[in-house]
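So the structure is just underneath, and the comments pick up after that.
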Ligand SMILES: [Zn+2]
Ligand SMILES: [Zn+2]
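In the numbering used here, the protein residues as written are 114 to 458.
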């Protein structure tokens with residue numbers, strides 16, 4: 114991702130309220146233990162990952178058959194496993210004061226402060242085959258003198274750039290995988306050693322890298338990324354139309370009108386820094402009208418902590434390639450994704 118300072122501004126510059134949890138004193142656990150939310154009191158729209166099933170999909174897209182509903186439920190759960198919580202303990206001096214349009218950048222008034230902000234992100238790729246990568250590792254705590262010292266993997270996570278701005282914040286932050294249960298069981302935490310691989314301030318996207326010697330974690334995430342890719346390519350094959358030119362020489366790909374429902378959308382995130390939740394809603398069809406790296410918009414329940422979480426449009430299966438980080442609440446639960454291309458297959 115290249116920074117967009119010298120490019121035309123994104124098609125939609127409208128920015129609303131960022132959805133970073135500003136004081137995340139207590140991470141994980143269910144939302145029922147969080148009181149004081151004024152945006153979505155009681156959080157009835159948020160479904161714990163372990164409860165999510167085909168019935169939710171069927172009530173959300175009642176026109177779909179059993180097989181498609183099962184397929185969508187399986188896909189959403191696969192995507193959900195890649196979603197992470199990110200806690201950032203300090204606000205870097207590297208943050209800009211304003212966006213390009215002159216409006217204040219999130220936390221610009223608190224640069225240098227120690228806060229405990231929390232957002233979300235998702236794994237896009239794991240580098241390293243079965244035995245990992247070769248060469249010097251960049252993690253902060255290589256297990257020196259052990260057989261694992263030279264076996265490591267690089268995990269690439271995408272979030273919104275206003276959640277983790279630069280290397281200072283990335284190095285200090287904590288990323289938590291698989292925090293799906295009320296008691297936090299099964300979660301895996303990496304601290305230290307994070308780095309920004311690429312970022313685009315105006316598009317609000319950020320790629321973070323973590324190096325780890327945790328073979329089990331790397332293999333599990335790699336398998337999830339592979340499953341996601343296979344599923345997306347299968348859907349692409351199902352929904353594309355191959356058209357021959359009048360002379361019969363060229364082929365071009367187009368998108369068939371086959372739809373799983375007109376404009377469904379899913380957000381998977383860690384609202385208020387708690388455990389992982391899935392919320393369902395609709396994307397705005399007009400915002401998905403062309404294959405361009407622009408943000409899209411949707412009406413799906415989100416709360417502080419959802420910034421950087423995964424937004425999956427399902428207007429057609431084809432659009433699922435466009436999964437991106439949640440960027441802002443434009444108004445209430447009407448949200449906007451980051452821009453740029455983020456699909457990794
Ligand atoms: Zn809330
Ligand atoms: Zn290392």
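All residues carry an ideal CB built from backbone N, CA and C; glycine is no exception.
Rounded Cβ spacing between residue i and residue j (contact assumed at less than 8 Å)
i: residue 131; j: residue 441; result: 6 Å
i: residue 326; j: residue 265; result: 5 Å
i: residue 269; j: residue 237; result: 5 Å
i: residue 129; j: residue 443; result: 4 Å
i: residue 407; j: residue 448; result: Between residue 448 and residue 407 the Cβ distance is about 15 Å, and since that is not below 8 Å, they are no contact.
i: residue 306; j: residue 253; result: 4 Å
i: residue 192; j: residue 436; result: 7 Å
Residue i versus residue j: straight-line alpha-carbon distance, rounded
i: residue 304; j: residue 202; result: 11 Å
i: residue 413; j: residue 256; result: 43 Å
i: residue 316; j: residue 248; result: 33 Å
i: residue 392; j: residue 341; result: 19 Å
i: residue 418; j: residue 233; result: 6 Å
i: residue 263; j: residue 243; result: 13 Å
i: residue 452; j: residue 277; result: 16 Å
i: residue 380; j: residue 258; result: 43 Å
i: residue 438; j: residue 324; result: 22 Å
i: residue 205; j: residue 134; result: 17 Å
i: residue 225; j: residue 209; result: 12 Å
i: residue 260; j: residue 241; result: 17 Å
i: residue 154; j: residue 146; result: 12 Å
i: residue 144; j: residue 222; result: 29 Å
i: residue 287; j: residue 142; result: 17 Å
i: residue 336; j: residue 445; result: 36 Å
i: residue 364; j: residue 190; result: Residue confidence is low: residue 364 scores 46 on pLDDT, short of 50, so the model does not pin down where it sits. Its coordinate-derived value is still stated next. If you take the alpha carbons of residue 364 and residue 190, they lie about 35 Å apart.
i: residue 422; j: residue 162; result: 14 Å
i: residue 348; j: residue 182; result: 14 Å
i: residue 294; j: residue 415; result: 19 Å
i: residue 396; j: residue 212; result: 25 Å
i: residue 207; j: residue 271; result: 19 Å
i: residue 426; j: residue 314; result: 23 Å
i: residue 184; j: residue 350; result: 15 Å
i: residue 170; j: residue 334; result: 25 Å
i: residue 282; j: residue 251; result: 16 Å
Residue i classed as buried or exposed, judged by whether at least 16 other C-beta atoms fall within 10 angstroms
i: residue 273; result: buried
i: residue 389; result: buried
i: residue 318; result: buried
i: residue 450; result: buried
i: residue 329; result: exposed
i: residue 137; result: buried
i: residue 127; result: exposed
i: residue 140; result: buried
i: residue 399; result: exposed
i: residue 151; result: exposed
i: residue 148; result: exposed
i: residue 156; result: buried
i: residue 338; result: buried
i: residue 245; result: buried
i: residue 175; result: exposed
i: residue 179; result: exposed
i: residue 168; result: exposed
i: residue 383; result: buried
i: residue 172; result: exposed
i: residue 292; result: buried
i: residue 377; result: buried
i: residue 164; result: exposed
i: residue 177; result: buried
i: residue 296; result: exposed
Residue i CB to nearest heavy atom of ligand 4 below 7 Å
i: residue 255; result: Ligand 4 is absent from the structure shown, which contains only ligand 1 and ligand 2.
Reference residue i, options the options, closest by Cα
i: residue 344; options: 212, 222, 186, 420; result: 186
i: residue 230; options: 237, 347, 220, 238; result: 220
i: residue 159; options: 326, 291, 300, 387; result: 387
i: residue 275; options: 200, 175, 300; result: 200
i: residue 299; options: 241, 197, 283, 211; result: 197
i: residue 280; options: 297, 293, 266, 312; result: 312
i: residue 309; options: 177, 297, 284; result: 284
i: residue 401; options: 167, 382, 434, 415; result: 434
i: residue 424; options: 394, 443, 445; result: 394
i: residue 290; options: 227, 351, 194, 190; result: 194
i: residue 459; options: 385, 420, 321; result: Past the boundaries of the shown model lies residue 459; the chain is included only from 114 to 458, so the question cannot be answered.
Span of the alpha helix (DSSP H) around residue i
i: residue 192; result: 179 to 194
i: residue 282; result: 280 to 285
i: residue 173; result: 167 to 173
Run of the beta strand (DSSP E) containing residue i, from where it starts to where it stops
i: residue 383; result: Unbroken run through residue 383: none, as it is neither H nor E.
i: residue 239; result: 230 to 240
i: residue 396; result: 390 to 396
i: residue 205; result: Premise fails: residue 205 is in no beta strand (DSSP E) and is neither H nor E.
i: residue 449; result: 447 to 450
i: residue 266; result: 266 to 272
i: residue 419; result: No beta strand (DSSP E) holds residue 419; DSSP gives it neither H nor E.
i: residue 460; result: Since the displayed the chain opens at 114 and closes at 458, residue 460 lies outside it and no answer follows.
i: residue 442; result: 437 to 444
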